[in-house]
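For the sequence shown, counting from 1, position 156 maps to 156 in our numbering; every step adds exactly one.
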Amino acid sequence: MTFVYAFEEGNRHMKKLIGGKGANLAEMTNIGLPVPEGFTISTEACLDYYTNSQTLSDQVKQETFAALKDLEKKTGKTLGGAADPLFVSIRSGAVASMPGMMDTVLNLGMNDETVEAMASLTDNPRFAYDSYRRFIQMFSDVVLGVETYFFERELEKYRESKGYDSDPEMTAADWQELIQTYKQLVDTHTGRPFPVDPHEQLLLSIKAVFDSWNNDRATIYRKLHQIPHNLGTAVNIQSMVFGNMGDDSGTGVAFTRNPSTGEALLYGEYLVNAQGEDVVAGIRTPQPISTMKDVMPEVFEEFQAVCSRLESHYEDMQDIEFTVERGKLYVLQTRNGKRTSQASVKIAVDMVEEGVLTKEQAVDRVDPDQLHQLLHRRIDDGYERQALVKGLPASPGAATGRIVFDADEADRRYKDGEHVILIRPETTPDDIHGIIAAEAVVTSRGGMTSHAAVVARGMGKACICGCEGMKINLQDKTIRVQDKTLSHLDLITIDGATGEVFEGDVPMVEPELSGEFQQLLNWADDVRRLGVRANADNPVDAAKAVEFGAEGIGLCRTEHMFMEQERVPVVRSMILAETVSEREEALRRLLPMQQEDFEGIFKAMAGRPVTIRLLDPPLHEFLPDLEELLVETTKLQVTGENSELLQQKQRLLRKLRELNEFNPMLGHRGCRLGMTNPEIYDMQAEAIFRAAAALEQDGMKVEPEVMIPLVGHVNELRDMRQVVEDAAARVTDDTGVHFTYTVGTMIEVPRAALTADQIAAEADFFSFGTNDLTQTTFGYSRDDAEGKFLQRYVDNGTLETNPFVVLDRDGVGKLVREGVTLGRGAKPDLKAGICGEHGGDPSSIAFCEEQGLDYVSCSPFRVPVARLAAAQAAIRAGSKQASSEAVSN
Ligand code: PEP
Ligand code: MG
């Protein structure tokens, strides 16, 4: 096995072995771009390091030193050489990009000798000593564990003693003096002198990068982005180029298109006379890239050419880091740029129009989970904007929350259910948990490519950077904006699309979908096989679902209609009825209300299929809480007031006790209610058919699909089907309207899936209720599991994901497969869909595609996600087929 690869030996397809960064550096080297020379130590070496109890094996060391020799030959420089020294950067490079999460060391190779060589070669001693002190600081922080803060404090003390305001006032002699203090500091903290042997520096840095694979922030990042923990990181060792060699040098980061909006214009920032970390850390606020053409016109032209070359080579928007050393351009890194969902959609659609991508490639490229960000709220246009202050619009979206200044606090308050906005001078990777927890992030320093901006955009979270008009005082936890002071926990709203900050809460509106978004979804519709329906219980949700492209309703939960405030008394009198005639009277009053609901939904769906599920939850859910009622009754008994009310409450209490169950989730609910109280289902079915009849008489074709919940035995479905058919016949007799309708069932308990062939005899369709099917397969009650142990299971790896979010293919999935196979075995044209929450989850949708289901149904806001995910599932299923055919040929 080889552990080390020169850039010339790699290519972009070798990400798994040499990491994303290494693969791209190799690719760029091989297509002739100006990349500083270097080599990559593979991810396999990292795994080898962990297998060897965190030691570098002899083979890794040998190959590293051999590659170093080659590098010295290519550059004509020597690491640690006193005449023409080589300096290198050491950077992590995981398979999937994890920006800023792992460690980097720059300027490696500096010591008391090489610094002198650098000073005389560049004829710039100030630059040389500044580089040396930066190296000591960075190396000590990353490798030796002496935090940057200690060095910054010494620097500040030194500047104060000299009366300087800023670093540029430091002379070569000042830096030289400070270097002695820095070395002393290292000695005090580590009990050892600063390592001056460059080979030792190199090995220690490689170890540090491997170690950083498992630091807290990298681990959190991997969890958040579902990156496996066992991939390891590669290490890239590359000869240094210096952007801080004077005003003909500089460094920057640019995206080939705008990562916020997707606009096809070069977008980024640069700093003259600076090193890379100055831009990324947001310490100095950089200049927009377009102004570079005035400062370095030729370099800018070359850079533009490199950008278009890279974009067309990778067929995707690139995020490029570059350095200019004394007028010569070097490309340090390229990768597919992280982008907002809005940009992601626009770029994919534009690239089809530019002839770069096919429609299918565009559909396949956008992450469906990102789409829902486009469906988020924004500030109402009618709102008279009076911003307190404005910063850079780093990541779009609007959010309201209380001000916090600390990532730990943001995390804590988030867990308590609060909405917070994290405000920091700048963020570092250590703030990652706070950024995740916050509704939005605001920083007073840093640009559009600072840490906060990049991370927030990746998460689709609103962010404002470089908000310099905001003076943050971390000590008294306040911010001053002009003449106003805001304090810790004050409420603010931010608009990440404009960079504005507002006081308090402001009105928001639902989003509209852009032309590109519609375009992409239309292409997705051309590709997908699965139908996409919505779960909607009222006309407003139904209309929203249609707007988002739902082809029907896959689940209308009728109990939600029962819970409306003015209906609850009627529903209660139905439940509390002592005699059949009392119950029938209550049901008669409910019928027109239900009919009106169904008419509204049918109208909103304008002839599209609507699946209506008859009553599902246990009846006690419509009655007051038992404990509260007990307290009220006892109070009335004690005071002796209002005996009539007391009697009413006592009656309610008796009924509640009667209905009380040990385990309502497995109790008297679903079709079991219909079996014991057929008059309820009868009323609901009649309401459905009366609504259909009314609309048919108005000229609208309606084909209701009536669904029976929680069936476990075919006889339940047989009986309930009869109730529905009788109701339909009755309405036809009464109105003269003949309907086309179907009766089907939810498959949501294991027995239904296992006897699906028998059940299919009575069913026109199946709809997999994977919420209940997950509960009953695992034997978990969802509310108890999520509240008590499920998160722990996911955190410690007992379960890979929460099975209520991502369908458990091995268990629940097996029952779905069995259900479809048995059902269609008995009735080949049996329609089958899914209406549990999994119907809106891309990975579960891919499973539904594989099982040949007819449709998925999800909440209206997930419909666009499902349309795209269904298309991707079809593309991938198709390509799988194509490749297995290719193999068998
Ligand atoms: C289900 O169980 O998956 C389902 C859709 O029904 P509910 O969530 O209403 O129980
Ligand atoms: Mg259910």
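Each residue gets a CB set at the ideal place from its N, CA and C atoms; glycine is no exception.
Could you say which of D112, E269, D316 lies nearest to F303 if we only look at CA atoms?
E269
If I follow the unbroken beta strand (DSSP E) through S395, where does it start and stop?
392-395
Considering only C-alpha positions, which residue in the set D772, Q594, V711, T256 is nearest to L265?
T256
Would the C-beta of N771 count as close to ligand 4, meaning under 7 Å from any of its heavy atoms?
Inclusion of ligand 4 in the displayed structure is not the case, the ligand content consisting of ligand 1 and ligand 2 alone.
Nearest CA to the CA of M98: which residue from Q180, W213, T64, F765?
W213
Is E748 near ligand 2, in the sense that its beta carbon is under 7 Å from a heavy atom of that ligand?
yes
To the nearest angstrom, how far is the alpha carbon of S161 from that of W175?
13 Å
Just to confirm, does D783 get its C-beta within under 7 Å of one of the non-hydrogen atoms of ligand 2?
no
Can you look up A399 in the DSSP assignment and give me helix, strand or coil?
strand
When every heavy atom of ligand 1 is checked, does at least one fall within less than 7 Å of the C-beta of D616?
yes
Spatial neighbours of Y330 in its chain, beta-carbon cut-off 6 Å, leaving aside the 5 residues before and after:
P34, P36, V241, T323
Decide if G38 is buried, meaning its Cβ has at least 16 other Cβ atoms within 10 Å, or exposed.
buried
Cβ-heavy atom distance, L555 to ligand 1, below 7 Å:
yes
Relative to the C-alpha of Q342, which candidate in S395, D48, S166, L310 has its C-alpha closest?
S395
Helix, strand or coil at L901 [DSSP, three-state]
Not covered by the structure: residue 901. The range shown for the chain is 1 to 889.
Three or more C-beta pairs below 8 Å linking the stretch 444-451 and the stretch 399-409
no
As assigned by DSSP and simplified to three states, the class of Y5:
strand
Between the alpha carbons of G813 and A545, how many angstroms are there, rounded?
27 Å
What separation, rounded to the nearest whole angstrom, lies between the Cα atoms of A866 and T558?
24 Å
Is T114 buried or exposed, if buried means 16 or more other CB atoms sit within 10 Å of its CB?
buried
Along the chain, which unbroken stretches of the beta strand (DSSP E) at least 3 residues long are found entirely within the stretch 422-476?
440-443, 462-465, 470-473
Tell me L319's beta-bridge partners as DSSP assigns them.
Checking the displayed sequence, the identity of residue 319 turns out to be Asp instead of Leu. BP columns for D319 point to F255, R335.
Backbone CA spacing between L815 and D808 [nearest angstrom]
10 Å
Secondary structure at P609, three-state DSSP: helix, strand or coil?
coil
Would A274 pass as a contact of N244 if the rule is Cβ separation under 8 Å?
yes
Following a CB-centred definition, is P803 positioned closer than 7 Å to any heavy atom of ligand 2?
no
DSSP three-state call for E885: helix, strand or coil?
Summary for E885: the model assigns pLDDT 35, below 50, so the residue's position carries little reliability; its value from the coordinates is reported in the next sentence. Helix.
Expected contact under 8 Å - CB spacing of T340 and M28 to nearest Å:
26 Å between Cβ atoms; not a contact.
Chain B beta carbons: is any one of them nearer than 8 Å to that of M101?
Any reference to chain B falls outside this structure, which holds one protein chain only.
Which whole runs of the beta strand (DSSP E) in the stretch 70-123 are 3 residues long or more, in chain order?
88-94, 104-108
Three-state secondary structure (DSSP) at L329?
strand
Taking the beta carbon of E658 as the centre, do at least 16 other beta carbons fall within 10 Å, making it buried, or is it exposed?
exposed
Mind checking whether the beta-carbon of P664 lies closer than 7 Å to any heavy atom of ligand 2?
no
With a threshold of 16 other CB atoms inside 10 Å of the CB of A785, please say whether the residue is buried or exposed.
buried
Which of the three DSSP states, helix, strand or coil, is assigned to A407?
helix
Expressed to the nearest angstrom, what Euclidean distance is found between the alpha-carbon atoms of I845 and L754?
22 Å
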